[in-house]
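Q: Before anything else, here's the structure in question.
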DNA sequence: TATGAATGAGTCTTCATTCAT
DNA sequence: AATGAATGAAGACTCATTCAT
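Chains as they are written, first to last, in this note's numbering: chain A, 1 to 200; chain B, 1 to 200; chain C, 1 to 200; chain D, 1 to 200.
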């Protein structure tokens, strides 16, 4: 029943863990983060106990999944840093990247929001991303491209809110895009023509 | 079957209904909209059947709760319309009112979002509020105070997203306010000094 | 919402009762005998209490409904008696009439079966119909057209069983008809050509 | 969460499953197939979750129960095939076996009928049994012992109807037997002496 | 007499997590 | 290390019937 090339290759724990993550990733992509742990374990061909050995809490599994995406996110960060000279523009692009990361799975914004409020397995990932956001923001603020009264966490939560409202894939309408635009527009200082300088 | 010792003497239907709503309101305030129907019935001292007689679906209970708040919201609308001459400022104030309405209970944004996508007992309330938002927005757009490419629903969803991110009352931090400000700022056309004209 | 020409005309109890029966008949026709009493009361525009005043148990309502149909059934009986000279043929036609009566509403066979076993409000109607069946059967037996070892109740239950299996309206396939044919064939004494002497 | 004082030590999965089936069998025998899953779980001394682990749907439990009986049924089939030379007689005996299988529990015919119409966990069992019936029927038809216009499904439904009418064990009266006889008689071609060749 | 509010046990099912094997 | 059986508290909702008004 499904599963990768090797079904529980037993080689070593790491391989098994990776396999579980592969399966979990697909499961979350297909069904959202509310898939049951049992379903993931079953699809991965392992017992629930094994799943919990690797990821004691469901949060931990989610955190591991996010870590994977974090690598992708980090590459986008590097690209932006390398390519973008304009700080405000860099922040905008970062917000886009942020949104993609947050909408990786249906229902992901919810646990991310929780992780922002109380400590959870997802908190480190959030803090890391917030830190990067803070850096982009700071540059923009120094250039006068961003309001002084906001911090990285604000932008993170704003992007999260918009990701929540837009849904993951079902962003059928243009609302999601417009909200993202509003967010990017909103954090700025007075902008004469924010709406027309978009080329992306 | 059964017939406990004391059968609530029914007093008056409306009175009882109001009592249930009072209890539900407190329960939702304390525990969020995810409180169970059974818990509400128990706390109200009525059987589950009574609760369901008044509110056939949980949605209906929530809708009734919102209707209560809607009256408050409507008064704020009237105040704004009466007091505020500047269309853009009126819209801003309306967005604030919207946010308060949406954050009445922890977890409320979720069913509201659903009601925007598929029909639910909450949909009429959403449509009504969106309609009002549309009117405020239109005025602002006519005055050149708001972007032309957005509609009432966009603002509604934006406010909803921010309400979701901010949480109900437990906002604690300033993030919620800042996000609201960003939203208000974001939908505007180029604004020379949006950040400093706030007096509220 | 729906209801006959006069909504609770209040003229007198009998009229009200008849109105309820009209509504109940349509409700059972549309939704089967499992419609809730509340639904019937609501559609009839009366309180549940009024419904229960006329029909203390759901069974009683069903029994009243059957009584109505019984009149139709009785006319068929008279027709058969008047037109049919051949006792065996008369029994066959009676069995058909029986089946139509039993399939008046989806789910009706169930309470009828119960009424055959234990006393219920439907029992009198059953006994009456069984009595008639007995008479038709007896004639056929005297003519040598029916097995001697069966009684009216057997045929009644056989017809009931087939009505149950065939469903009320969803008799999409030919099974129902074939089963009825089998029943009619089965109770007979040796019949050289039962399958081909059907003209109906 | 919770962790009661005694957690069933799991002994052996199969053992436990068998135990649940034993309990379910007794429960269905005593109270019919409408016993609640909770009642079965309680009586078996396991949590509801355990019950549902073994049998995800109530249907599945019922199907498992039927599978047990199916083995018995299959042995009767073998016996008939081995002992009975006369195809018509073999079919008769098979119909008897069918009836016993269907009357294993009060209320069983209902889900079986459903399984004939729409797919359910019981459908495979039904199809299997219908297949066997078809084979017996075909032989009888080839010998001229059965009407040509019926198929296995018709006989299955006929037997089911009769099982429904007769009730499980509480048949008490002779009606059930007589109906079965009628069915066996009814599907036949002209039979000179069907009523007297019964020895069973 | 009519009303309709109130009852509340009962139904199936889910799932994160634990722990005996 | 791995397994997968066991847990059991919830949860939303139904409906025949009763009885205060």
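A virtual CB, placed ideally from N, CA and C, is assigned to each residue, including glycine.
Under the three-state reduction of DSSP, which class applies to residue 238 of chain A: helix, strand or coil?
A: Chain A is shown only over 1 to 200; residue 238 of chain A falls outside these bounds and no answer can be derived.
Q: Do the stretch 32-52 of chain C and the stretch 66-75 of chain C meet, that is, are 3 or more Cβ pairs less than 8 Å apart?
A: Cβ pair count under 8 Å is below three, so no.
Q: Does the count of Cβ pairs from the stretch 127-135 of chain D and the stretch 48-59 of chain D closer than 8 Å reach three?
A: The stretch 127-135 of chain D vs the stretch 48-59 of chain D: no contact.
Q: CB-CB under 8 Å to residue 90 of chain A, same chain, minus the five flanking residues each way: which ones, in chain order?
A: The residue you call residue 90 of chain A lines up with position 90 of the first chain. For residue 90 of chain A, where only same-chain residues beyond five positions count, the Cβ hits under 8 Å are 80, 81, 84, 136, 139, 140.
Q: In whole angstroms, what separates the C-alpha of residue 144 of chain D from that of residue 88 of chain D?
A: Stepping through the fourth chain from its first residue, residue 144 of chain D is reached at position 144. Stepping through the fourth chain from its first residue, residue 88 of chain D is reached at position 88. Straight-line Cα distance between these residues: approximately 8 Å.
Q: Kindly give me the distance between the Cβ atoms of residue 150 of chain A and residue 178 of chain B, rounded to whole angstroms, as I take these residues to be in contact under 8 Å.
A: Translated into positions along the first chain, residue 150 of chain A becomes position 150. Translated into positions along the second chain, residue 178 of chain B becomes position 178. Sure, about 6 Å apart at Cβ, within 8 Å.
Q: Provide the residue span of the alpha helix (DSSP H) that contains residue 177 of chain B, from first to last.
A: Within the second chain, numbered from 1, the residue matching residue 177 of chain B stands at position 177. 175-186 is the extent of the alpha helix (DSSP H) around residue 177 of chain B.
Q: Where do the ends of the alpha helix (DSSP H) carrying residue 154 of chain C lie?
A: Counting from 1 along the third chain, the entry for residue 154 of chain C is found at position 154. 152-166 is the extent of the alpha helix (DSSP H) around residue 154 of chain C.
Q: With a threshold of 7 Å between beta-carbons, can residue 171 of chain C be considered close to chain D, or not?
A: Position 171 of the third chain, counted from the start, is the residue given in the question as residue 171 of chain C. Annotation note: pLDDT 48 at residue 171 of chain C (below 50); position unreliable, coordinate value reported separately. For residue 171 of chain C, the answer is no, since every Cβ of chain D falls outside 7 Å of its Cβ.
Q: Could you check how far apart the C-beta atoms of residue 106 of chain C and residue 32 of chain C are, in whole angstroms? I think they sit under 8 Å.
A: For this step, residue 106 of chain C is matched to residue 106 along the third chain. For this step, residue 32 of chain C is matched to residue 32 along the third chain. Between residue 32 of chain C and residue 106 of chain C the Cβ distance is about 3 Å, and since that is below 8 Å, they are a contact.
Q: Helix, strand or coil for residue 24 of chain C? Go by DSSP, reduced to three states.
A: By 1-based counting over the third chain, the position of residue 24 of chain C is 24. In this structure, residue 24 of chain C counts as helix in the three-state DSSP scheme.
Q: Give me the Cβ distance between residue 166 of chain B and residue 76 of chain B, rounded to the nearest whole Å; I'm assuming they're in contact under 8 Å.
A: Along the second chain, read from residue 1 onward, the residue named residue 166 of chain B stands at position 166. Along the second chain, read from residue 1 onward, the residue named residue 76 of chain B stands at position 76. Rounded, the Cβ-Cβ distance is 18 Å, inconsistent with contact.
Q: Just to confirm, are residue 201 of chain A and residue 35 of chain A a CB contact at a threshold of 7 Å?
A: Outside the shown range of chain A (1 to 200) lies residue 201 of chain A, about which nothing can therefore be said.
Q: Quick one: using the 10 Å Cβ neighbour count with 16 as the cut-off for buried, is residue 185 of chain D buried or exposed?
A: Start at 1 with the first residue of the fourth chain, and residue 185 of chain D comes out as number 185. Its Cβ being crowded by 16 or more others within 10 Å, residue 185 of chain D is buried.
Q: Considering only residues of the stretch 76-127 of chain A, which uninterrupted alpha helix (DSSP H) runs meet the minimum length of 4 residues and lie entirely inside it, listed in chain order?
A: DSSP runs (the alpha helix (DSSP H)) wholly in the stretch 76-127 of chain A: 87-102, 109-117.
Q: Output yes if chain D places a C-beta closer than 7 Å to the C-beta of residue 20 of chain C; else output no.
A: For the purposes of this step, residue 20 of chain C is identified with residue 20 of the third chain, where counting begins at 1. Output row for residue 20 of chain C: interface = no.
Q: Would you call the CB atoms of residue 24 of chain D and residue 66 of chain D closer than 7 Å?
A: Within the fourth chain, residue 24 of chain D is the residue found at index 24, counting from 1. Within the fourth chain, residue 66 of chain D is the residue found at index 66, counting from 1. No. Outside cutoff.
Q: If you follow the alpha helix (DSSP H) that residue 39 of chain B is in, where does it begin and where does it stop?
A: Residue numbering aside, residue 39 of chain B sits at position 39 when the second chain is read from its first letter. 37-44 is the extent of the alpha helix (DSSP H) around residue 39 of chain B.
Q: Is residue 138 of chain A helix, strand or coil when you go by DSSP?
A: Counted from its first residue, the first chain places residue 138 of chain A at position 138. Note: residue 138 of chain A maps to helix in three-state DSSP.
Q: Does chain C have any CB closer than 7 Å to the CB of residue 95 of chain D?
A: Taking the first residue of the fourth chain as position 1, residue 95 of chain D is located at position 95. So, not an interface residue.
Q: Using three-state DSSP, classify residue 143 of chain B as helix, strand or coil.
A: Taking the second chain and counting its residues from 1, the one referred to as residue 143 of chain B is at position 143. Residue 143 of chain B: coil per DSSP, three-state reduction.
Q: When the Cα atoms are used, what is the spatial distance from residue 174 of chain B to residue 118 of chain B?
A: Here residue 174 of chain B is taken as the residue at index 174 of the second chain, counted from 1. Here residue 118 of chain B is taken as the residue at index 118 of the second chain, counted from 1. Going by the C-alpha atoms only, they are around 32 Å apart.
Q: Hey, does residue 125 of chain A have any beta-carbon neighbour from chain B nearer than 7 Å?
A: As a first step, residue 125 of chain A is located in the first chain; it is residue number 125 there, counting from the start. Chain B, which has no Cβ nearer than 7 Å to the Cβ of residue 125 of chain A, makes this no.
Q: How many angstroms separate the CA atom of residue 110 of chain A from the CA atom of residue 115 of chain D?
A: Counting from one through the first chain, the residue named residue 110 of chain A turns up at place 110. Counting from one through the fourth chain, the residue named residue 115 of chain D turns up at place 115. Those two C-alpha atoms are separated by around 41 Å.
Q: Residue 64 of chain A to residue 133 of chain A, Cα distance in whole Å?
A: Position 64 of the first chain, counting from 1, holds the residue named residue 64 of chain A. Position 133 of the first chain, counting from 1, holds the residue named residue 133 of chain A. The straight-line gap from Cα to Cα measures roughly 21 Å.
Q: Could you give the distance in angstroms between the alpha-carbon of residue 20 of chain B and the alpha-carbon of residue 12 of chain B?
A: Looking up residue 20 of chain B in the second chain gives position 20. Looking up residue 12 of chain B in the second chain gives position 12. So the alpha carbons of these two residues sit roughly 12 Å apart.
Q: Please go through the same chain and pick out, in chain order, the residues whose beta-carbon is closer than 6 Å to the beta-carbon of residue 153 of chain C, but skip the five residues on each side of it.
A: The residue labelled residue 153 of chain C in the question sits at position 153 within the third chain. Closer than 6 Å at Cβ, skipping near neighbours: 130.
Q: In the stretch 32-53 of chain D, which residues sit with their C-beta less than 7 Å from some C-beta in chain C, listed in chain order?
A: Cβ contacts with chain C come from no residue of the stretch 32-53 of chain D.
Q: Comparing the C-beta of residue 145 of chain A with each C-beta of chain B, is any distance below 7 Å?
A: If you number the first chain from 1, residue 145 of chain A lands on position 145. By this cut-off, residue 145 of chain A is not an interface position.
Q: Please list the residues of the stretch 74-107 of chain D that have a C-beta atom closer than 8 Å to any C-beta atom in chain C, keeping them in chain order.
A: Those residues of the stretch 74-107 of chain D that come within reach of chain C (Cβ to Cβ, closer than 8 Å) do not exist; the list is empty.
Q: How is residue 129 of chain D classed by DSSP in three states: helix, strand or coil?
A: Against the fourth chain, residue 129 of chain D aligns to sequence position 129. Reduced to three states, the DSSP call for residue 129 of chain D is helix.
Q: Does any CB atom of chain A fall closer than 7 Å to the CB of residue 67 of chain B?
A: Within the second chain, the letter at position 67 stands for residue 67 of chain B. Chain A, which has no Cβ nearer than 7 Å to the Cβ of residue 67 of chain B, makes this no.
Q: For residue 170 of chain D, which residues from the same chain have a beta carbon less than 6 Å from its beta carbon, with the 5 sequence-adjacent residues on both sides left out?
A: Indexing the fourth chain from 1 puts residue 170 of chain D at position 170. Confidence is the limiting factor: at residue 170 of chain D the pLDDT is only 48, short of 50, which leaves the residue's position unreliable, though a coordinate-based value still follows. None.
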